[in-house]
Amino acid sequence: MKTIKARVYRYNPDRDGEARYTTHYVPFEEKKTLLMVLRDIYREEGLTFRWSCRIGFCGMCTVKLNGMPVLACQTIIHEPSEILVEPLDINSVIRDLVVER
50 MKTIKARVYR YNPDRDGEAR YTTHYVPFEE KKTLLMVLRD IYREEGLTFR WSCRIGFCGM
110 CTVKLNGMPV LACQTIIHEP SEILVEPLDI NSVIRDLVVE R
């Protein structure tokens, strides 16, 4: 089975002294969005992130993918690959990928 290797920024102020990265292997599917990847990780191991409209209108799901800001709901992972997912601004993280707005 083809997989996406996702390294994800994690931080829980109630438990973690400092941020860390975790690695997750998610099944690759054609037309799978980054939001779908994040939801797969949430279902398996828990992950805090925001999303709402799923059509690219609200901007709630904005994160950094390999260092570039993207809308997770609109960003398709085109091939099995290794990706790095981080919050938009690591200086204002509330928890995991959620930042103060």
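Here the numbering used here is used: the first residue of the sequence shown is 50, the next is one more, and so on.
C-beta: ideal position from N, C-alpha, C; glycine also.
8 Å contact criterion, which residue i and residue j should meet: CB distance rounded
i: residue 70; j: residue 52; result: Not quite, the Cβ-Cβ distance comes to about 17 Å (not below 8 Å), so this is no contact.
i: residue 146; j: residue 132; result: Wrong, their Cβ atoms sit about 13 Å apart, outside the cutoff.
i: residue 134; j: residue 148; result: So it is not a contact: roughly 13 Å between Cβ atoms.
Closer than 6 Å: residue i CB and nearest the ligand NAD heavy atom
i: residue 80; result: Among the ligands in the structure shown, none appear at all, so the ligand NAD cannot be discussed.
Classification of residue i by the beta-carbon crowding that lies within 10 angstroms, buried from 16 upward
i: residue 138; result: exposed
i: residue 65; result: exposed
i: residue 126; result: buried
i: residue 89; result: buried
Cβ neighbours of residue i in the same chain (closer than 8 Å, five flanking residues each side left out)
i: residue 98; result: 87, 91, 110, 112, 121, 145, 146, 147
i: residue 130; result: 53, 54
CB contact flag (residue i, residue j, <7 Å)
i: residue 83; j: residue 124; result: yes
i: residue 136; j: residue 58; result: yes
Beta-carbon contacts of residue i that lie in its chain and below 6 Å, excluding the five residues immediately before and after
i: residue 72; result: 56
i: residue 107; result: 101
i: residue 103; result: 122
i: residue 142; result: 60, 136, 148
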